[in-house]
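Asker:
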Amino acid sequence: MHNQRKPQLHPLTPSYFHHHSPSISMSSGSGSSSLGPVTPVDADEVFIGQLWEQVRSSKRPSSDNFIPAALQQALDEEERERAREREFEREKEREREQPREKEHISSGTRSGMESMIKGYGYGLSAAAVAASPAAAAKPVIAPNMSQTPSSSRRRKSIVYRESSDKRNMVVILELPGVDKADVHVTFQPKRLVVSYKTVSETEHREFDRVIQETVERRVARALPLPETVRPASVSANWKDSRLFIMYPNVN
18 MHNQRKPQLH PLTPSYFHHH SPSISMSSGS GSSSLGPVTP VDADEVFIGQ
68 LWEQVRSSKR PSSDNFIPAA LQQALDEEER ERAREREFER EKEREREQPR
118 EKEHISSGTR SGMESMIKGY GYGLSAAAVA ASPAAAAKPV IAPNMSQTPS
168 SSRRRKSIVY RESSDKRNMV VILELPGVDK ADVHVTFQPK RLVVSYKTVS
218 ETEHREFDRV IQETVERRVA RALPLPETVR PASVSANWKD SRLFIMYPNV
268 N
């Protein structure tokens, strides 16, 4: 398997969605490309060559409501993950909105340590210090609930999942702000190349004028494939700014 790191896999459950499929092409592996340089994440990959004829177009189902079961499973799992993340964000927002409990310090115990001493996850009041010197050595520990391991969690732009029957792999690419018409999947031996265009608006000031510019960028991302995977066994679907790619799970 060419010493490639195996991605972390997640179980899937069935679901259903209406889809449109980006095109999948074959590449000869030679010639030049007009897509521009590869992105840093793919800097060690040979860039895609000239795109050739469409493949599998004649084998595509005529109904637009068809989707393989593994892709249905992938969407269902993604929707649940997004729902969990939305609930997590709402919970953090509720915690931020709750008023903080104020510390009431008796006038008889006020000193230079009158205010609350705050540390990394610890809370020690001046009253406790004045009442008992031993309390300074053993402060009351108050866990900082705002700092949780999952609060810094970020969604990955590429997720690998395994179908429940272990027969297929599904790759999910998050492509926010990308139009489906600008996405193209190219099949090459041992890899797929996903190319797309991003458009961003920038502005800067020159003297007394504000200059607005539209920046277009071509991106290509290479996904490793098992050597035995063939073009006819690869399918791609598009839903809600996400690209779903399915291919046989070859161990």
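For the sequence shown, the numbering used here gives the first residue as 18, with consecutive numbering after it.
A virtual CB, placed ideally from N, CA and C, is assigned to each residue, including glycine.
List the endpoints of the continuous beta strand (DSSP E) containing T219.
Answerer: R208 to E223
Asker: To the nearest angstrom, report how far apart K271 and N254 are at their CA atoms.
Answerer: Residue 271 is absent from the model: the chain starts at 18 and stops at 268.
Asker: Pick from E98, P265 and R97: whose alpha carbon is nearest that of D182?
Answerer: Nearest C-alpha to D182 among E98, P265 and R97: P265.
Asker: Once you ignore the five residues that flank V210 on each side, which residues in its own chain have a CB closer than 6 Å to its CB?
Answerer: I65, T203, A237 and A239
Asker: In three-state DSSP terms, what is E244?
Answerer: coil
Asker: Could you check where the beta strand (DSSP E) with V188 kicks off and where it finishes?
Answerer: N185 to E191
Asker: Is S181 helix, strand or coil when you go by DSSP?
Answerer: coil
Asker: Nearest to V232 by CA position, among E220, S252, A249 and L190, is which residue?
Answerer: E220
Asker: Ignore the nearest five residues each way along the sequence and tell me which others in V200's own chain have a CB closer than 8 Å to its CB.
Answerer: P39, L192, V211, S212, Y213, W255 and L260
Asker: Would you give the residue range spanned by the beta strand (DSSP E) that K256 belongs to?
Answerer: S252 to K256
Asker: Are S217 and G194 touching if we call contact CB-CB under 9 Å?
Answerer: yes
Asker: Label I262 either buried or exposed according to how many other C-beta atoms from any shown protein chain fall within 10 Å of its C-beta, with 16 as the threshold for buried.
Answerer: buried
Asker: Tell me, which residues are paired with A100 by DSSP?
Answerer: In the DSSP output, where bridge partners are listed per residue, A100 has none listed.
Asker: At the level of alpha carbons, what is the spacing between F224 and T215?
Answerer: Answer to the nearest angstrom: the Cα atoms are 29 Å apart.
Asker: Determine, using beta carbons only, whether V187 and S180 come nearer to each other than 9 Å.
Answerer: yes
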